[in-house]
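Undergrad: Heads up: the sequence shown begins at 0 in numbering that gives the first Met the number 0, then just goes up one per residue.
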Amino acid sequence: MIGGKLRYNGLPFRAGALWLWLLVADTLAPVGAAAAAELRVGWATADVTPDLSGGRVVSARGLLTPRITGEVRTPLLSTVLALESVRADGQSYGAILVSGDIITSASSHADGSGVSLVNLLRSRLEGRLPGFDLRNLIFSATHTHNGPSWEDDLYSVSAPNMLSETEYREFMLRRTTDAVVKAWEGRQPGKMAWALTHAAVGYNRRVVYADGKAVMGGWRKNLRFEVIEAGDDHALELLYFWDAGDRLTGVVANVPCPSQVEIQDNVVSADFWGQVRLRMAATPDLAGARVLTHCGAAGDQWPYQQPRDKAEADMRARRNLTLSGEIARRIVSGMMEARPLARARMEAGPVFAHASATVEIPIQRLTPAQLEKLRRDVAQLEILPESNPIRFNLLMRARRGLDLQLAFDHQPRKFLVEIQALRLGDAVLTTNPFELYVDYGARIKARSPATLTMIAQLTNGVGSGGAYLPTARAIEAGGYSADPMYNNCPVGPEGGGMLVDRTVQLIEQMWKEPNR
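This is the structure:
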C-alpha cells in the first residue's frame, strides 16, 4: 500500500478542513475538501466548429470508414464550468469541468502512447490559472461521431482543401483553453441544487441470438433474436446553477447515451445535444443558461428504440421532429419539470470535496486461439488493396491489439486510468475514460453513499480513451464492443471490478466526515 499526506490546494493542515489519507493499491489519490462555504461559479463556451468556408472540408471521426464533409448542421462547442468553494478564512478549493462535442477524450492506443486531450489542455494552461491545481481539470467527450478527426493517422484519407487532424486539434485546444481561463476568471458567488428525472434516450444495443452470440445493433439482421442482453437506463441527472440573484446560469446534464443519432450523416454536428441547445434557447425559463453535457455509463446503449422503430418514426412524423429533435424535446422537458424542484433546494454553500486517483487496471489476455485468429486477421487485412475503405482503420486496430498481446511476453500490461470524484452537497460526479457498460455504472451507484451519483464516461482519457469496458456476460456473447482482439475492449471484467471498487472508495472517503 502507498500512502502520504494529501493536498488541499497546497495549504497547510487546519482544523475544520477535511483531510483524508486515501490508500489505494496503485497510487496516492489527492483529496481536497472545504466545509460549508461560499460557492463561486463561472461559465464559458467556445465555438470549436471548424471553419469550412471557401470549400474547406474535414474528415469526420467515428466509423471504420472516413467521411469527408464540408457541411455544418449544428455548431460544436466546448462548455466550461468553473467551481470554487471559499471559506470565511479565505481558504479555497476548486475544480473545472469541460465538456466537448468530440468523439473521445483520448486516442485509443492501448500502450498509453496515444494523445490525451486533458493533458494537452493542462500543459497549455500552465501559468494561466494562478492558485488552481490543474489536476482538478476534468475533460469529458459527448461521443459525437460527427466531429472532425483530431487523431493523426486514424484514416488513410486526403482530399483537396481538407483541414488536417493537427490543424483542427490545435484550433480546438486553443479555443477551449481560452474558455477555461475565461470561466475561472469569471467565477462569482452562486448557488446549486441537483435533481433527478427521466428521459428515454438510450437503449441497450446488443441482442443475443439462439446460439448465444451477440450482435451490436443486430435487430434487423435477424428478427428471431432471443433476448436483449441487458436493461436500459433512462435517468436524466441534473445539476442546476444560479447566480446570487437567483438567475439560472447553467445546467449539467448527464444522460447515459452517446450522442450518435446522426452517426451515418455526412455532416459536422453536435448531434442531439445541438438540438437540446436550440430548444433551450427557445424556452424562456432556460434561455441564456448554458448546458454542460456528460455521457453517463453507456458502453452498451445507443439512441435507437428498435423493437418499436416504426411506431417511434410515425410519432416523430406527427410532431414534425427528427430523432435528434425528439430526444431534445424529452431532455428539455425533463429539465423544465425538475427545475422548480431543484430551485426549492438551492444551496449557496454546499459541501464541496474532490478526490482523484490514477489506478493500474490489468489488460485482459487473449487465449491462444484468439491470438492465432488475430494473427490471421492481420495477415488477411495486409493483402487487401489499399483502396479498400476499411483496410487502414481495421489493420491499425488489429496491429495495435496484436502488439499489445505480444508485449505480455516481456511484462504484464496495464492501463494507467485516471478517475475523479467531485462532491457537491449530497450529490457526487465520478469519471472514467471508458465506454463503460451500464452494469458497472449500476454497481457504483448502488454502493455509493451519495444521494445522487452521476457518472461521466469518456473523461480524462490517458491511453485508454474510447475503449469499451464490457461485462463478463457480454464477452461470453462476443460481438463488436465485447471483442478484445481489435483493441476495442482491452480491459475486461477483472479491470471493470477494480474500476468500480476504486471509484466507490473515492466516494466513500468524502462521506466519512460530516464536512460541516
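Heads up, the beta-carbon is just placed ideally off N, CA and C, and yes, glycines get one too.
#1: By DSSP, does Gly440 sit in helix, in strand, or in coil?
#2: For Phe391, which three-state DSSP category applies?
#3: With respect to the alpha helix (DSSP H) encompassing Thr176, which residues constitute its N-terminal and C-terminal limits?
#4: When DSSP labels each residue in this structure, what does Lys511 get in the three-state scheme?
#5: At the level of alpha carbons, what is the spacing between Gly31 and Leu285?
#6: If distances are taken between C-alpha atoms only, which option among Arg338, Leu238, Glu228 and Gln300 comes closest to Asn282?
#7: Ends of the alpha helix (DSSP H) at Gln305?
#8: Taking buried to mean at least 16 other C-beta atoms within 10 Å of its own C-beta, is Asn319 buried or exposed?
#9: Looking at the unbroken beta strand (DSSP E) that takes in Leu457, where does it start and where does it end?
#10: What residue range does the beta strand (DSSP E) around Leu287 cover?
#11: What number of angstroms, rounded off, separates the C-alpha of Leu238 from the C-alpha of Gln404?
#12: Whole angstroms are fine: how far does the CA of Val290 sit from the CA of Arg168?
#13: Relative to the C-alpha of Val416, which residue among Ala466, Ala312, Leu322 and Gly244 is closest?
#14: Write down every uninterrupted run of the beta strand (DSSP E) in the segment 217-266 whose length is 3 residues or greater and which is fully enclosed by it, in chain order.
#15: From the DSSP output, in three-state form, read off Gln379 for me.
#16: How about Gly185 and Ala43: are their beta carbons less than 8 Å apart?
#17: From Thr450 to Trp272, what does the alpha carbon distance come to, in whole angstroms?
#18: Between Arg121 and the rest of its own chain, which residues show a CB-CB distance below 7 Å, the 5 nearest in sequence each way excluded?
#19: Residue ranges of each beta strand (DSSP E) run of no fewer than 3 residues wholly in the segment 31-78, ordered along the chain?
#20: If you run the structure through DSSP and keep just helix, strand and coil, what is Thr429?
#21: Ile67 to Glu261, Cα distance in whole Å?
#22: Where do the ends of the beta strand (DSSP E) carrying Ser122 lie?
#23: Relative to the C-alpha of Tyr436, which candidate in Gly216, Gly230 and Thr292 has its C-alpha closest?
#24: Tell me whether Gly298 sits in a helix, a strand or coil according to DSSP, three-state version.
#25: Counting pairs of Cβ atoms below 8 Å between the segment 249-259 and the segment 200-216, do you hit three or more?
#26: Ordered along the chain, which non-local residues of its own chain (more than five positions away) have a Cβ less than 6 Å from that of Lys511?
#27: Hey, would you say Asn392 sits closer than 8 Å to Leu63, going by beta carbons?
#28: Using a Cβ-Cβ cut-off of 8 Å (strictly less than) and excluding sequence neighbours within five positions of Met191, which residues of its own chain qualify?
#29: For Pro147 versus Pro49, is the C-beta distance shorter than 8 Å?
#30: Thinking C-alpha only, which one of Asn145, Leu128 and Glu125 is nearest Leu76?
#31: Distance, Cα to Cα, Arg219 vs Ala476?
#32: Looking at the structure shown, is Ala24 part of a helix, part of a strand, or coil, going by DSSP?
#33: Output the distance between the C-alpha atoms of Arg72 and Asp264, rounded to the nearest integer angstrom.
#34: Spatial neighbours of Leu340 within its chain, please: C-beta separation below 8 Å, excluding the five flanking residues on both sides.
#35: Express the C-alpha separation of Gln187 and Thr248 in angstroms, rounding to a whole number.
#36: Please state the DSSP three-state secondary structure of Glu371.
TA: Here's the rundown:
#1: Helix.
#2: Helix, per DSSP.
#3: Thr176 -> alpha helix (DSSP H) spans Glu164 to Glu184.
#4: Looking at Lys511 - three-state DSSP - the assignment turns out to be coil, as it is neither helix nor strand.
#5: Low confidence applies to Gly31: its pLDDT is 47, below 50, so where it sits in the model is not reliable, and the reading given next is rough at best. Straight-line Cα distance between these residues: approximately 32 Å.
#6: Sequence check: residue 282 is Thr here, not Asn. For Thr282, the nearest C-alpha among the options comes from Arg338.
#7: Annotation for Gln305: no alpha helix (DSSP H) segment contains it, and DSSP assigns it neither H nor E.
#8: Classification of Asn319: exposed, given that the 10 Å Cβ count is below 16.
#9: Unbroken run through Leu457: none, as it is neither H nor E.
#10: Sequence inspection shows Gly at residue 287; the Leu mentioned does not correspond to that position. First-last for Gly287: undefined, no H or E at that position.
#11: Straight-line Cα distance between these residues: approximately 42 Å.
#12: Distance from the CA of Arg168 to the CA of Val290, rounded to the nearest whole angstrom, comes to 23 Å.
#13: Closest by alpha carbon: Ala466.
#14: Restricting attention to beta strand (DSSP E) runs no shorter than 3 residues, the segment 217-266 encloses them at 234-242 and 247-254, ordered along the chain.
#15: Here DSSP, grouped into helix, strand and coil, assigns Gln379 to helix.
#16: Going by beta carbons, Gly185 and Ala43 fall inside the 8 Å limit.
#17: Distance between the alpha carbons of Thr450 and Trp272: 26 Å.
#18: Around Arg121: Leu133 and Leu136.
#19: You should have 37-46, 57-59 and 66-68.
#20: Reduced to three states, the DSSP call for Thr429 is strand.
#21: About 15 Å.
#22: Taken as a continuous stretch (DSSP letters only), Ser122 belongs to no beta strand (DSSP E), being part of the alpha helix (DSSP H) at Leu116 to Leu124.
#23: Ranking the options by Cα distance to Tyr436, first place goes to Gly230.
#24: Note: Gly298 maps to coil in three-state DSSP.
#25: Yes, since at least three Cβ pairs between the segment 249-259 and the segment 200-216 fall closer than 8 Å, the two stretches touch.
#26: Cβ within range, chain order: n/a, list empty.
#27: Result yes, Cβ atoms of Asn392 and Leu63 sit closer than 8 Å.
#28: Result list for Met191: Leu38, Val40, Leu238, Tyr239, Phe240, Trp241, Met345, Glu346, Pro349, Leu423 and Gly424, in chain order.
#29: Cβ atoms of Pro147 and Pro49: closer than 8 Å.
#30: Taking each of Asn145, Leu128 and Glu125 in turn and checking the Cα distance to Leu76, the smallest one comes out for Asn145.
#31: Arg219 and Ala476 have their C-alpha atoms roughly 18 Å apart.
#32: Only weak support exists for where Ala24 lies, its pLDDT of 32 falling under 50; the coordinates are left without a value.
#33: Answer to the nearest angstrom: the Cα atoms are 10 Å apart.
#34: Within the same chain, Cβ atoms closer than 8 Å to the Cβ of Leu340 are found at Ala194, the five residues on either side in sequence being excluded.
#35: Looking at the two C-alpha atoms, the distance is approximately 11 Å.
#36: When DSSP states are grouped into helix, strand and coil, Glu371 belongs to the helix group.
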